[in-house]
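Counting in my numbering, the sequence shown runs from 806 upward without gaps. Each residue gets a CB set at the ideal place from its N, CA and C atoms; glycine is no exception.
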Amino acid sequence: MNTYSSSSFILSPLSLQIPILHISLHRYFRFTTPSRRTLPFSFHNSFQNRNQKHLPFPSNYKFPKSDFSVGESQVSEDTDEDDEDDEEAAEEYEVVGEFSQEIEEDDEDEVESDDLEGDDSKSRFEEFKWQRIERIRNDVKEYGDGIIDVDELASVYNFRIDKFQRLAIQAFLRGSSVVVSAPTSAGKTLIAEAAAVATVARGRRLFYTTPLKALSNQKFREFCDAFGEDNVGLLTGDSAINRDAQVLIMTTEILRNMLYQSVGIMSSESGLFHVDVIVLDEVHYLSDISRGTVWEEIVIYCPKEVQLICLSATVANPDELSGWINQIHGRTELVASSKRPVPLIWHFSTKTAFLPLLNETGTSMNRKLSLNYLQLNSLGPKSYEDERPRRRNSRKFENDVSPPSKNDRNNVRRSQVPQVMDTLSHLKTRDMLPTVWFIFSRKGCDAAVQYLDDCKLLDEFETSEVDLALKRFRFKYPDAVRESAVKGILRGVAAHHAGCLPLWKSFIEELFQRGLVKVVFATETLAAGINMPARTAVISSLSKRSESGRIQLTTNELLQMAGRAGRRGIDKRGHVVVVQTPYEGAEDCCKLLFAGLQPLVSQFTASYGMVLNLLAGAKVTQRLNEADGTEVSRVGRTLEEARKLVEQSFGNYVGSNVMVAAQEELNKIQKEIEILTSEISDEAIDRKSKNILSNSAYKEMADLQDELRAQKRVRTELRRKMEMERMSSLRPLLQNLEDGHLPFLCLQYHDSAGVKHLVPAVYLGDVDSMNGSKLKNMVVENDSFTLKVTAEGVADDLKKQLDTKPSYGVALGSDNTWYLFTERCIKTVYRTGFPNVGLTNGDALPREIMTILLEKEEMQWQRLSQSELGGIWSMEGSLETWSWSLNVPVLSSLSEDNEVLQYSQAYYDTVEAYKNQRNKVSQLKKRIARTEGFKEYKKIVDMAKFTEEKIRRLKARSDRLMTRIEQIEPSGWKEFLQVSRVIHEIRALDINTQVIFPLGETAAALRGENELWIAMVLRNKILLNLKPAQLAAVCGSIVSEGIKVRPSKNNSYIYEPSTAVLDIINFLDDQRRSLLQLQEKHDVKISCCLDSQFSGMVEAWASGLTWREMMMDCAMDEGDLARLLRRTIDVLAQIPKLPDIDPQLQRNATAASNVMDRPPISELAG
806 MNTYSSSSFI LSPLSLQIPI LHISLHRYFR FTTPSRRTLP FSFHNSFQNR NQKHLPFPSN
866 YKFPKSDFSV GESQVSEDTD EDDEDDEEAA EEYEVVGEFS QEIEEDDEDE VESDDLEGDD
926 SKSRFEEFKW QRIERIRNDV KEYGDGIIDV DELASVYNFR IDKFQRLAIQ AFLRGSSVVV
986 SAPTSAGKTL IAEAAAVATV ARGRRLFYTT PLKALSNQKF REFCDAFGED NVGLLTGDSA
1046 INRDAQVLIM TTEILRNMLY QSVGIMSSES GLFHVDVIVL DEVHYLSDIS RGTVWEEIVI
1106 YCPKEVQLIC LSATVANPDE LSGWINQIHG RTELVASSKR PVPLIWHFST KTAFLPLLNE
1166 TGTSMNRKLS LNYLQLNSLG PKSYEDERPR RRNSRKFEND VSPPSKNDRN NVRRSQVPQV
1226 MDTLSHLKTR DMLPTVWFIF SRKGCDAAVQ YLDDCKLLDE FETSEVDLAL KRFRFKYPDA
1286 VRESAVKGIL RGVAAHHAGC LPLWKSFIEE LFQRGLVKVV FATETLAAGI NMPARTAVIS
1346 SLSKRSESGR IQLTTNELLQ MAGRAGRRGI DKRGHVVVVQ TPYEGAEDCC KLLFAGLQPL
1406 VSQFTASYGM VLNLLAGAKV TQRLNEADGT EVSRVGRTLE EARKLVEQSF GNYVGSNVMV
1466 AAQEELNKIQ KEIEILTSEI SDEAIDRKSK NILSNSAYKE MADLQDELRA QKRVRTELRR
1526 KMEMERMSSL RPLLQNLEDG HLPFLCLQYH DSAGVKHLVP AVYLGDVDSM NGSKLKNMVV
1586 ENDSFTLKVT AEGVADDLKK QLDTKPSYGV ALGSDNTWYL FTERCIKTVY RTGFPNVGLT
1646 NGDALPREIM TILLEKEEMQ WQRLSQSELG GIWSMEGSLE TWSWSLNVPV LSSLSEDNEV
1706 LQYSQAYYDT VEAYKNQRNK VSQLKKRIAR TEGFKEYKKI VDMAKFTEEK IRRLKARSDR
1766 LMTRIEQIEP SGWKEFLQVS RVIHEIRALD INTQVIFPLG ETAAALRGEN ELWIAMVLRN
1826 KILLNLKPAQ LAAVCGSIVS EGIKVRPSKN NSYIYEPSTA VLDIINFLDD QRRSLLQLQE
1886 KHDVKISCCL DSQFSGMVEA WASGLTWREM MMDCAMDEGD LARLLRRTID VLAQIPKLPD
1946 IDPQLQRNAT AASNVMDRPP ISELAG
């Protein structure tokens, strides 16, 4: 395609008259005037045809169909979606976040403007969008870039841009980086496109990144429509088109690897680029567990002179994101909008009703959806005289119904679960189609399509359109047709999930956009950036299956799926329907809806590629040639220099802010505690009393208070003596029982909140008698278990009364919890217990078995209560101890007659003395209450008690803050050091001299889950003897993680790999185990995939088998196989670009990649 310019754009004045009029005026008028409507469509078409030979684009130029891209795309062929829980993060979450008031005021007017203009008015001028961009470029060439302002850039569009778009463009033109947070379809991509217009007009470059290859492909097509093919390029894992273009579209990982060159060493992309602007689309992917670190690395490594435009879904903390970028990159402005272009209405579907989810104000749940109300309705008709009293009394009657039990709730929910057809009939009746129906499993999506086997949603004309489209698709991609789904799409129903081929999913998306598919049953991946807006989104469940059981959706996930509803310019409102399930109801949905958004969370983690690129300096090969005059090209970073980069992560920024705020609050609290403590000291109370009371009253009160304090000290001393005497009585009893059965006992303690707990348990024994056990060693060596019986206030004669200090015992509670305690925590001991006798002769005794089970535990004890005489600690039991705990009786079944606890006479004497002393204290308090100044003194004491309670709460808050501060530590650096030790020990890089070895060179240039492991495989000489198809099979074995066999497929198979491939994989497995051991040594947890299960499928495809032959009775879903093959192609395509790889291996990789990259899995097919 030729580059268009002012000289090549030659049209007659007559032919230009009308278009120029509208191009110039649309900047100032909103095109709803009658004059615009009078332009005949036939004249419009004749203008285009008559002057087509003069246009700068050829006759086959593809004009865009929409006025601007909105950041949505076809699903990626490379997405790693699971059946139940897709790993890809979504494009945007539809939520209410922080929002500028001035934006809110204009939004309503702007949405109305779009509705007034409609699609017809926009489509008449959209084909001239490239002309407007070209006009701006020519104007800048003639008058300079000073003419570029927000109005000039807005003139590219034939509608009035929104306020938040205008603010973001203005921030960009001021030279700031920009963070834009807005809902789906709000038009965030317009901001990036306007920045591209300004950048291209200035003759500079812009990079646009997306998280998915298919998104990059779509953006490439959209930007080609707007800027011309000569000005737009594309870089994905295995595709490079016009890489020197002014606008370059790429996947995010590609940009990260390119940026390594400016901070590290080589990557698979060579050369440092010169660019003015980088657009990070879907920047909320930063929270993605598996890939979020890529976005953080880009921001950290990006040259500060480059402007960043970060487009994000509405999240809870966009201010923290913009603040972080502002701190580490440069001046950054935040533009946030929470208003959806198309408002959403929430509904709830049950078996018998289809009701609004929320009340009229939208602040709480519709009361008719409460379980009490549903239970009331299930009781049958009520004998009301007429409707009016029924309505008036229903709320009162509803409140009189007792709360349903858990079993009743489950019964009510199960009885209200609707069938698919029940909900669909409501949607049809209310004109709420087309619909995206989210079901969290592939099997569920396919089953729903089959369930609607007799439901026809298309008329005859639409059916013929689908049939024609299907014939065209079958002609172009015969292997990509999903035969089992053909019957469904002819009825207007389709499934969309990772088990389908990407080409087939694209076909479904196209039919849906044309209105030829009315209902799409899809997994949640469809919410992730796919251009399939619908009138209604149906959410079939608020929970989904995971490896650990059912987990509830997050608010972000719920709103992300809801965001598919509502088509801008088509629907005045979007609809979201939540369906009753046996697990959740309307209450759960409202709770989730009002729970608030989850914030962006840093997922910054160190990888082998990161460490190698940040630390590596000279190559070892260069270093060997220094004597011959070879110059070392660069000096690597020291660990301290790398640390400064790593600690610039988003997590550290948020953590440091939290730490600063927490420390400030902690200092404030501690200062307040200090002041309050001084106000309730004895001296302070005495001083206040002296100021208020008369001299005589004060003297009387002071003398009595001194006497009261002395008597209380005696009482406390007697209570301690009583406790020690009780413990002395327990010790010989427990020692005698250790030789017989294992007795039951009752433990007691008060938790931190003062709540008393009684626990039945079976006594195992005294810890001191467990010589050589892990438990005894822990008690002896750990200071936390030290018993401090010499606490202040305990008289010497009392200490001498104890033969020995308190000791620890251990017991297993009825709650399958181990308890470690001193005699102080024993309330009573029972005669009954476990007989210490083996089940048969020669079997181990119960005490021995339980001791062995205790020793197996990790000794992770948690303190429940503590005092100077010891405390009680707990530790969860195991599955093996569970059966033992079940045989510990409840306390109610143990009578007082079974108690064997006998106290000494000294104990009873001490108890009597304690009671007498307690009476003395009580009498003294009554005497004080009768004194002259007691009322005034009591006010002072009451205020002191109130202050003590306030101090207690402040100390609890202080303890929580101190714990939080201790937990906050720089994220990423610890993992960085661990990874660096692995690469140092395996001799990929010397972290002391920063010299990189050939293994490190190869790993640094790779993209993958474990770059070091892939490099070890590819550098292995045994691969040189493999044929291209066999090499592909080996490469497939190291990228097959997450690929599954279809469990429900009977009489199915997968191809087995050749013997040569199996031998290689078995040989590599030894190296894999060695690397895993090294990783475990340094506490590095990065997976090393090697699985021969699917290697045969890769080998068969690389050998030239057709897709039909591959899928015949195949045990894999088409989508899974396509994903595996694409991953394999990605590795093969990297091999020819890697440093220090044998040329023979590179040739074989190229040959295998060329054979494999064919329909129906070709990356750019269609």
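In the DSSP assignment, find the unbroken alpha helix (DSSP H) run with Q1876 in it and report its ends.
-> Taking the first residue of the sequence shown as 1, we reach residue 1876 at position 1071. Q1876 -> alpha helix (DSSP H) spans 1864–1886.
Cα-Cα separation between L1811 and F1802, rounded to whole angstroms | Mapped onto the sequence shown, residue 1811 falls at position 1006. Mapped onto the sequence shown, residue 1802 falls at position 997. L1811 and F1802: Cα-Cα distance of roughly 15 Å.
State the Cα-Cα distance for the pair N1587 and E1628, rounded to the nearest angstrom.
-> Numbered from its first residue, the sequence shown carries residue 1587 at position 782. Numbered from its first residue, the sequence shown carries residue 1628 at position 823. About 19 Å.
G1008 versus T1360, G949, L1513, K1024, residue with shortest Cα-Cα distance | For the purposes of this step, residue 1008 is taken as residue 203 along the sequence shown, with counting starting at 1. With distances taken between Cα atoms, G1008 lies closest to G949.
Give the DSSP bridge partners of P1565, in chain order.
-> On the sequence shown, position 760 is the one that residue 1565 refers to. In DSSP, P1565 forms a bridge with C1551.
Shortest alpha-carbon distance to S1143 belongs to which of A987, A1466, Y1256?
-> Here residue 1143 refers to the residue found at position 338 of the sequence shown. Out of A987, A1466, Y1256, A987 has the C-alpha closest to the C-alpha of S1143.
Grouping DSSP H, G and I as helix and E and B as strand, with all else coil, what is E899?
-> As a working mapping, residue 899 is identified with position 94 in the sequence shown. Reliability of the predicted coordinates at E899 is poor, the pLDDT of 34 falling under 50, and no value is obtained from them.
Beta-carbon spacing of S1763, I1485 below 8 Å | Against the sequence shown, residue 1763 aligns to sequence position 958. Against the sequence shown, residue 1485 aligns to sequence position 680. Result no, Cβ atoms of S1763 and I1485 do not sit closer than 8 Å.
First through last residue of the alpha helix (DSSP H) which encompasses Y1981 = Because the chain in this structure spans residues 806 to 1971, residue 1981 falls outside the shown range and cannot be described.
For T1807, collect the residues of the same chain with a Cβ closer than 8 Å to its Cβ; drop the 5 residues on either side in sequence, then sort them by chain order.
-> Indexing the sequence shown from 1 puts residue 1807 at position 1002. Same-chain partners within the cutoff: A1820, L1823, R1824, L1943, P1944, D1945, I1946.
Pair within 8 Å by beta-carbon distance, I938 and F1025 = Your numbering for residue 938 matches position 133 in the sequence shown. Your numbering for residue 1025 matches position 220 in the sequence shown. Cβ distance not < 8 Å, so I938 and F1025 don't count as in contact.
For the ligand ZN, is there a heavy atom less than 7 Å away from the beta-carbon of D1035?
-> Annotation note on the ligand ZN: not contained in the displayed structure, which lists no ligands.
Can you tell which of C1551, H1555, V1746, I1657 has the C-alpha that lies nearest to the C-alpha of S1700?
-> As a working mapping, residue 1700 is identified with position 895 in the sequence shown. Ranking C1551, H1555, V1746, I1657 by Cα distance to S1700 puts C1551 first.
Under a three-way DSSP split, which group does I1375 fall into?
-> Residue mapping note: residue 1375 aligns to position 570 of the sequence shown, counting from 1. I1375: coil per DSSP, three-state reduction.
Give the straight-line distance between the Cα atoms of A894 and T1328, rounded to the nearest whole angstrom.
-> If you number the sequence shown from 1, residue 894 lands on position 89. If you number the sequence shown from 1, residue 1328 lands on position 523. Confidence at A894 is low in this model, with a pLDDT of 30, below 50, so the placement of that residue should be treated as unreliable; the coordinate-derived value is given next. Roughly 13 Å separates the two Cα atoms.
When we look at the beta-carbon of Y1858 and count the other beta-carbons within 10 Å, is it buried (16 or more) or exposed?
-> To locate residue 1858, count along the sequence shown from 1; it is residue 1053. Exposed, since its Cβ has fewer than 16 Cβ neighbours within 10 Å.
CB V1705 to CB L1498, shorter than 8 Å?
-> Numbered from its first residue, the sequence shown carries residue 1705 at position 900. Numbered from its first residue, the sequence shown carries residue 1498 at position 693. Contact: no.
State the DSSP-derived secondary structure class of V1222, mapped to helix, strand or coil.
-> As a working mapping, residue 1222 is identified with position 417 in the sequence shown. In the structure shown, V1222 sits in coil (DSSP, three-state: anything other than H, G, I, E or B).
Starting from the Cα of S1092, find the closest Cα among T1137, P1016, V1147 and give me that residue.
-> For the purposes of this step, residue 1092 is identified with residue 287 of the sequence shown, where counting begins at 1. For S1092, the nearest C-alpha among the options comes from P1016.
Give me the Cα-Cα distance between Q1949 and N1830, rounded to the nearest whole angstrom.
-> For the purposes of this step, residue 1949 is taken as residue 1144 along the sequence shown, with counting starting at 1. For the purposes of this step, residue 1830 is taken as residue 1025 along the sequence shown, with counting starting at 1. If I take the Cα positions, the gap works out to 9 Å.
Find out if the Cβ-Cβ distance for the pair A1290, A1274 is shorter than 8 Å.
-> Your numbering for residue 1290 matches position 485 in the sequence shown. Your numbering for residue 1274 matches position 469 in the sequence shown. Between A1290 and A1274, the C-beta gap is not smaller than 8 Å, which leaves the two residues out of contact.
Strand pairing of F1012, partner residues [DSSP] = For this step, residue 1012 is matched to residue 207 along the sequence shown. Answer by DSSP bridge pairing, in chain order: L1053, I1083.
Assigned secondary structure, L1163 (DSSP; H/G/I helix, E/B strand, else coil) | The residue you call residue 1163 lines up with position 358 of the sequence shown. L1163: strand per DSSP, three-state reduction.
Cβ-based burial, H1380 [other Cβ within 10 Å; buried from 16] = Here residue 1380 refers to the residue found at position 575 when the sequence shown is read from its first residue. Classification for H1380: buried.
Reduced DSSP category for K1632 - H, G, I as helix; E, B as strand; rest coil | Working through the sequence shown from its first residue, we reach residue 1632 at position 827. K1632: strand per DSSP, three-state reduction.
Does the separation of the CB atoms of C1893 and L1880 fall below 8 Å?
-> As a first step, residue 1893 must be located in the sequence shown, where it is residue number 1088. As a first step, residue 1880 must be located in the sequence shown, where it is residue number 1075. Against a cut-off of 8 Å, the Cβ pair of L1880 and C1893 comes out as a contact.
On the three-state DSSP scale, how would you describe V1147?
-> Position 342 of the sequence shown holds residue 1147. Residue state, collapsed to three classes: coil.
Going by the CB atoms, is the gap between E1058 and R1104 shorter than 8 Å?
-> Walking along the sequence shown from the start, residue 1104 turns up at place 299. Walking along the sequence shown from the start, residue 1058 turns up at place 253. In the sequence on display, residue 1104 carries Val and not Arg. No. Outside cutoff.
How many Å lie between L1658 and L1547 at the Cα?
-> If you number the sequence shown from 1, residue 1658 lands on position 853. If you number the sequence shown from 1, residue 1547 lands on position 742. Near 15 Å, if we compare the C-alpha coordinates of L1547 and L1658.
Proximity winner among N1641, P1651, V1384, Y1624, relative to K1156 (alpha-carbon distances) = By one-based count along the sequence shown, residue 1156 stands at place 351. The shortest Cα separation from K1156 among N1641, P1651, V1384, Y1624 belongs to V1384.
Among G1841, I1130, E1102, the one whose alpha carbon lies nearest that of P1112 | Position 307 of the sequence shown, counted from the first residue, corresponds to residue 1112. The sequence given here places Gln at residue 1112; Pro does not occur at that position. Ranking the options by Cα distance to Q1112, first place goes to I1130.
Measure the Cβ-Cβ separation of G1441 and Q1799 and say whether it is below 8 Å.
-> Sequence index remark: in the sequence shown, residue 1441 carries index 636 (1-based). Sequence index remark: in the sequence shown, residue 1799 carries index 994 (1-based). Contact flag set, yes.
Tell me, which residues are paired with G1038 by DSSP?
-> Within the sequence shown, the letter at position 233 stands for residue 1038. Looking at the DSSP assignment, G1038 forms a beta bridge with L1053.
Range covered by the alpha helix (DSSP H) that runs through Q2027 = With the chain represented from 806 up to 1971, any question about residue 2027 goes unanswered, as that position is not in the structure.
H1134: which of K1731, E1717, E1101 sits nearest, CA to CA?
-> Here the question's residue 1134 lines up with position 329 in the sequence shown. Nearest of K1731, E1717, E1101 to H1134, Cα basis: E1101.
Any chance the segment 1292–1310 sits against the segment 1244–1260, with 3 or more Cβ pairs inside 8 Å?
-> Note that the segment 1292–1310 touches the segment 1244–1260; at least 3 beta-carbon pairs, one per stretch, sit closer than 8 Å.
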